[in-house]
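Numbering (our numbering), first residue to last: 63 to 237.
Each residue gets a CB set at the ideal place from its N, CA and C atoms; glycine is no exception.
What follows is a set of notes on a single structure, which appears directly below.
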Amino acid sequence: MYSYEQVMSFDDTPISGASTAGQQMVPIKKKKSIKADSSIELRGPMEVDGSVKSMGAITFNGDFLVHDRIEAYGNIDLDGNLTCNGKVKAFGNVKINGTALCVDKVKIFGKLKIIGTLEIQAPVEVWGALTINGCLKCKSLTAYASVTTVGDQSWYEVEEEEVVHGAKLIQRDNW
């Protein structure tokens with residue numbers, strides 16, 4: 063199914079290229095695709111030309127650019143910044159702590175918790191509870207459970223169709 067992928071070792075020496083972290087130059091690690099039979103933890107900055115697939119959870123720490131899709135049979139945790147040009151599918155929960163941009167469709171079978179910003183330029187489908195402590199912007203939203211915004215500064219924007227089967231809640235900071 064993924065015959066073009068090559069499993070890469072995380073011990074590879076970073077290749078040239080740099081991103082700025084303050085005034086300090088940090089080498090960008092480049093991978094073709096990442097595929098694992100168990101949970102994986104990735105440390106950025108990293109650019110993945112293909113996809114990231116795990117039969118367990120995926121943890122992203124740092125800055126990432128994924129040119130193809132992300133698929134996890136467990137949870138997806140992001141602590142940093144992520145741009146994904148392909149589809150995102152998680153069979154567990156997804157936690158965004160930072161900023162994420164997804165160009166293609168997102169499907170989450172667990173809960174989605176946003177602490178920061180999530181922009182999806184396509185439809186998103188969430189089967190578990192959706193909690194927004196920051197902002198969510200998407201083309202269309204289908205939520206099968208509740209949608210909760212936390213605090214007065216949290217919001218979400220849906221360009222086209224919004225379907226929420228559960229409750230829409232606002233949680234104030236000072237409770």
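Where residue 133 falls, given that 16 or more other Cβ within 10 Å makes a residue buried: Along the sequence shown, read from residue 1 onward, the residue named residue 133 stands at position 71. Label assigned to residue 133: buried.
Does the separation of the CB atoms of residue 194 and residue 204 fall below 8 Å? In the sequence shown, the residue the question calls residue 194 occupies position 132. In the sequence shown, the residue the question calls residue 204 occupies position 142. Cβ distance not < 8 Å, so residue 194 and residue 204 don't count as in contact.
Between residue 184 and the ligand SAH, is the CB less than 7 Å from at least one heavy atom? This structure simply doesn't include the ligand SAH, nor any ligand for that matter.
So the candidates are 215, 153, 184; which of them puts its Cα closest to the Cα of residue 233? Here residue 233 refers to the residue found at position 171 when the sequence shown is read from its first residue. Minimum Cα distance to residue 233 is reached at 215.
Continuous beta strand (DSSP E) assignments of at least 3 residues falling wholly in the region 151-214: 156-164, 168-170, 174-188, 192-205, 209-212
Should residue 144 go down as buried or exposed, given a rule of 16 or more other Cβ atoms within 10 Å for buried? Position 82 of the sequence shown, counted from the first residue, corresponds to residue 144. Looking at its Cβ environment, which holds 16 or more other Cβ atoms inside 10 Å, residue 144 is buried.
Whole angstroms is fine: what's the gap from residue 224's alpha carbon to residue 93's? Translated into positions along the sequence shown, residue 224 becomes position 162. Translated into positions along the sequence shown, residue 93 becomes position 31. When rounded, the distance between both Cα atoms is 36 Å.
Determine, using beta carbons only, whether residue 169 and residue 187 come nearer to each other than 8 Å. As a working mapping, residue 169 is identified with position 107 in the sequence shown. As a working mapping, residue 187 is identified with position 125 in the sequence shown. The answer is yes: Cβ separation under 8 Å.
Pull the bridge partners of residue 6 from the DSSP assignment, please. Limits of the chain in this structure are 63 at one end and 237 at the other, which puts residue 6 out of reach.
Could you pull out every residue in the same chain whose Cβ sits closer than 6 Å to the Cβ of residue 85, ignoring the five residues on either side in sequence? By 1-based counting over the sequence shown, the position of residue 85 is 23. Model confidence at residue 85 stands at a pLDDT of 49, short of 50, so the residue's coordinates are unreliable; what they give is reported in the following sentence. Same-chain partners within the cutoff: there are none.
Beta strand (DSSP E) containing residue 149: first to last residue? Numbered from 1 along the sequence shown, position 87 holds the residue referred to as residue 149. First-last for residue 149: undefined, no H or E at that position.
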